[in-house]
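Chains as they are written, first to last, in numbering that gives the first Met the number 0: chain E, 0 to 316; chain X, 0 to 283.
Yeah, the Cβ is synthetic: ideal placement off N, Cα and C, and Gly gets one too.
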Amino acid sequence: MIRFTAARLVDMAAVLALMSFVIYVLIGLMPGDPIDLMRSADPHMTAADVARLKAVYGIDRPLFERYLDWVRATLGGDLGYSRLFGTPVVTALLPRLVNSLALMGASFALAFLCALGLGIAAARRPNSGLDAAINLFCFAGVSVPTFWLALILILVFAAQLGWFPAGGITTAGNADMADRLRHLVLPVATLMLANLGGYTRYVRAAMRDALAQDHIRTARAKGAGEARVVFHHALRTALVPVVTILALSFGGLVSGALVTETMFAYPGMGKLIFDAVMGNDYNLALAGLLLATATTLAANFAADLAYAWLDPRVSYR
Amino acid sequence: MKLPLALLAAVAAAAFLGPVVLHAAFGLGTDDIDLLNRMSGQSALHPLGTDELGRDVLLRLLEGGRISLVIGIAAAIAAAAIGTAIGLAAGYLGGWTDRVLMRITDGMIALPLLPLLIVLAALDLDKLGVPAALARSDDISLIRIVALAVLIGWTTAARLVRGAALVTRNRDFVRAARSLGAGVPHILWRHILPNVLGPLIVATTLSAGDVILLESVLSFLGLGVQPPLASWGSMLSNAQELVTSAPSLAVYPGLMIFLTVIAFNLLGDALQNRLDPIGRSIAG
C-alpha cells in the first residue's frame with residue numbers, strides 16, 4: 000500500500016511537471032507580452048527601447064531556459080506579481096482557492112447525496128414509472144447548459160422573487176455568516192444541478208449491477224431485510240465504481256465552477272483564471288491553471304486511495 | 000428513438016430552410032438592424048420580437064441553430080475519424096504506441112478542460128504561424144471551435160476502437176485472414192472496424208451533443224463564434240446584460256440548446272439500447 004501510494008505520487012508529480020511546461024508554452028502563445036503592454040501604454044517607446052527591455056527581462060532568451068527560471072522561482076515560492084490585482088500572485092490566489100473549494104465542496108456533497116437517493120430509488124425498481132422519470136431528469140441534467148441554468152435561476156429567484164442575491168459573496172458592510180450563506184445558495188444550486196444528472200446515472204448503473212449479483216440473492220435468501228440488503232450489501236459494492244468515476248469527474252466540477260463563478264460574479268479560482276486570461280495577466284493565469292490542475296490531480300489521487308480502501312479485493316503490489 | 004429523431008429533424012429543417020423562407024417571404028435578413036424597433040415584443044413580422052439592435056430573434060435563432068448543428072456534427076465526425084485511426088494504431092500495434100496513447104487519453108479525462116480550453120481559445124494565431132489571410136477571416140472562429148472540440152473529443156473513439164481491436168485481433172477469423180495473406184490495412188478495415196462500428200456511432204451521436212454544449216459555453220464566454228455571426232451561445236451572451244429588462248432574449252437560445260442536446264443524448268441512448276439490448280455498457 001505504501002509502495003502503491005508512493006508510485007502514484009511520483010506519477011502525479013510527473014504529470015504536473017509535464018502540464019506545467021504545456022501551460023507555460025500556451026501562456027507564451029497568447030497575444031502580446033509584458034513589453035507589448037508597456038509599449039501600448041507609452042507611445043514614446045522606440046524599437047531600441049523594446050529590444051533593450053526584452054533583454055533586461057530576459058524575454059529574448061530561449062523558451063526552455065525561461066521555463067527553468069520560472070520553475071526555480073516557483074519552487075522558491077515566488078510566483079511573481081499579478082497585473083490585474085497589483086498584489087503578489089499568492090495573495091490574489093489563496094482566498095479565491097478557499098472560495099472555490101467551499102463552492103465545489105458544498106455542490107459536490109449535495110449532488111452526491113441526492114444522486115445516491117435518486118440512483119438507488121431508480122435501480123430498485125428498474126423500468127418502473129419512477130425509473131423512467133428519474134432517467135429523463137438525468138438526461139435533462141446532462142443536456143442543460145450550466146450558464147443558462149444559472150441565468151434562469153437568477154431570473155426566477157433573484158430578479159422575480161428576490162429571495163436570493165444574484166451575485167457576489169457578501170453584501171457590502173455585512174459580514175455575518177447568514178449573509179454569506181444566502182450568497183452561496185444560487186451558485187451551489189447551479190453547480191449541483193449541473194452535475195446531479197451525470198452522478199445519478201453512475202449510481203443507478205452501479206446499483207443495478209450490484210443488485211443483480213449472486214451475493215444479493217444469498218443475502219435475501221438468508222432473510223436479510225430490504226434495507227440491509229440495499230444499504231449494506233448492494234451499496235457497498237456499488238460505491239467502488241461510483242467513487243472512482245466521481246473523483247475522475249472532478250475536472251468537470253472545476254470546469255462547471257468556472258462557468259458558475261463567472262455567472263454569479265463569485266470570486267473563485269475559475270473566474271480568476273478567466274479574468275486573468277482575458278486581462279493578459281500571465282503570472283496569475285499560469286499559477287491559477289497550475290493550481291486547478293494540481294487540485295484535480297489530487298482528487299484523482301484520493302479516488303485511487305478510496306478505491307483501495309473500499310474494495311478489499313484490490314491488492315496493490 | 001422516434002421522438003429524438005423527429006426533434007432533431009425538425010430543428011435541422013427549421014435551421015437550414017427557415018432563414019431562406021423568412022428572407023423570401025418577408026425580406027428579413029439575419030443582420031438587418033432596425034434601431035427604431037429595438038427589443039420589441041411579439042408582432043406579426045417578428046414572432047419572437049427583436050433584440051437589442053432590432054434584429055429579428057426568430058431568424059437569428061434559426062441561423063444560430065444552423066451554425067451550432069454544423070459545428071456539432073462536423074466536430075463529432077472529425078473526432079471519431081481521428082480517434083478511430085489512433086485507436087486502431089494503439090490496439091493493433093500494441094507496445095509503446097499503445098502505452099503512450101493510453102496515458103494521453105487517461106490524462107485528458109483527469110484534466111480541468113474548460114480552463115485550459117479558454118487559454119487555447121485565446122491563443123494568438125500569428126504566433127502559431129497560421130496564415131494571416133485565414134487568421135483574419137470570418138470563418139476562423141468556427142474552425143477554431145471545431146479544432147478545440149476535436150482536440151478534446153478524439154479520446155472516446157480512440158478508447159472504444161482500441162478495446163475492440165485488442166479483443167478482435169486474436170479472434171480466429173482474424174488469424175484465418177492473416178494466414179491467408181491479408182495485409183494489415185485489409186484486416187483493420189474489413190475485420191476489426193465493422194466490429195466496433197455500432198458503439199462508435201453511439202459515441203459520435205453523444206459527442207455531437209457535447210460539442211454543441213462546448214460551443215455554446217465558449218461563445219457565451221466570448222471565445223467562440225464571433226459577431227456578427229449568430230450562435231445560441233453568443234445570443235445568450237448578449238442577452239445576459241439585458242436579463243432583467245428582456246428576459247425572453249435569454250430564454251429562447253438556451254431552450255434551443257437544451258432541446259437539441261437532449262435530443263442527441265436520447266438518440267444516442269436509444270441507439271445503444273438497440274445495438275446492445277442486454278445492457279452491457281459501451282464503456283466496457
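Neighbour flag for residue i against chain E, beta carbons, 9 Å
i	result
VAL183(X)	no
LEU220(X)	yes
GLY208(X)	yes
GLY283(X)	In this predicted model, GLY283(X) has a pLDDT of only 35, less than 50, meaning its place in the structure is not dependable enough to derive any value.
LEU112(X)	yes
ASN272(X)	no
VAL260(X)	yes
ALA109(X)	yes
GLN239(X)	yes
ASN264(X)	yes
LEU165(X)	no
ILE256(X)	yes
SER215(X)	yes
ALA11(X)	no
VAL118(X)	yes
PRO252(X)	yes
GLY232(X)	yes
PRO246(X)	yes
ASP123(X)	yes
LEU235(X)	yes
Neighbour flag for residue i against chain X, beta carbons, 9 Å
i	result
GLY250(E)	yes
VAL239(E)	no
THR236(E)	no
TRP147(E)	yes
ASN37(E)	The question names Asn, yet the displayed sequence has Met at residue 37(E). It does not: the Cβ of MET37(E) has no partner Cβ on chain X nearer than 9 Å.
PRO61(E)	no
ALA139(E)	yes
GLY224(E)	no
ILE151(E)	yes
MET277(E)	yes
GLY128(E)	no
Neighbourhood of residue i by C-beta, 6 Å cutoff - its chain only, sequence neighbours within 5 removed
i	result
LEU265(X)	PRO3
TRP153(X)	ALA78, ILE81, GLY82
TRP69(E)	none
ALA282(X)	With a pLDDT of 39 at ALA282(X), under the threshold of 50, the modelled position of this residue cannot be trusted; read the value that follows with caution. Same-chain partners within the cutoff: there are none.
GLY208(X)	VAL260, PHE263, ASN264
LEU109(E)	MET191
ASN194(X)	ALA163, THR167
ARG279(X)	Reliability of the predicted coordinates at ARG279(X) is poor, the pLDDT of 49 falling under 50, and no value is obtained from them.
ALA121(E)	ASP130, ILE133, ARG203
ALA209(E)	ALA233, THR236, ALA237
Per-residue DSSP class, three states only, for residue i
i	result
ASP55(X)	strand
PRO3(X)	helix
PRO186(E)	helix
THR294(E)	helix
THR83(X)	helix
SER19(E)	helix
ASP280(E)	coil
TYR265(E)	coil
PHE273(E)	helix
PRO330(E)	Nothing about residue 330(E) can be reported from this structure: the residues present for chain E run from 0 to 316 only.
VAL149(X)	helix
HIS185(X)	helix
THR45(E)	coil
LEU288(X)	Absent from the model: residue 288(X). The displayed extent of chain X is 0 to 283, so no value can be given.
Contacting residues, own chain, Cβ-Cβ under 7 Å from residue i (five flanking each side not counted)
i	result
ALA284(E)	ILE26, ILE272, ALA275, VAL276
GLY253(X)	LEU235
ALA14(X)	LEU61, GLY64, ARG65, LEU68
GLY167(E)	HIS182, ALA264
Beta-carbon separation (whole angstroms), residue i vs residue j, contact threshold 8 Å
i	j	result
THR189(E)	THR145(E)	7 Å
ILE108(X)	SER230(X)	About 27 Å; that fails the 8 Å criterion.
LEU100(E)	VAL88(E)	Contact flag wrong, Cβ pair sits at about 18 Å.
TYR306(E)	VAL242(E)	7 Å
GLY320(E)	LEU110(X)	The first residue shown for chain E is 0 and the last is 316, placing residue 320(E) beyond what the model contains.
LEU238(E)	LEU309(E)	6 Å
ARG291(X)	ALA120(X)	Because chain X in this structure spans residues 0 to 283, residue 291(X) falls outside the shown range and cannot be described.
Same chain only: Cβ atoms within 8 Å of residue i, ignoring 5 sequence neighbours per side
i	result
MET18(E)	LEU289, THR292
Contained alpha helix (DSSP H) runs [length at least 4] in the stretch 213-275 of chain X, N- to C-terminal order
231-239, 246-274
In chain order, each beta strand (DSSP E) run of at least 3 residues that lies wholly inside the stretch 80-151 of chain E
none
Unbroken alpha helix (DSSP H) runs of length 4 or more, entirely within the stretch 191-216 of chain X: which are they?
none
If we require 3 or more residues per run, which beta strand (DSSP E) segments fall completely within the stretch 91-121 of chain X?
none
Sequence ranges, alpha helix (DSSP H) only - wholly within the stretch 168-242 of chain E, length at least 4
176-210, 213-220
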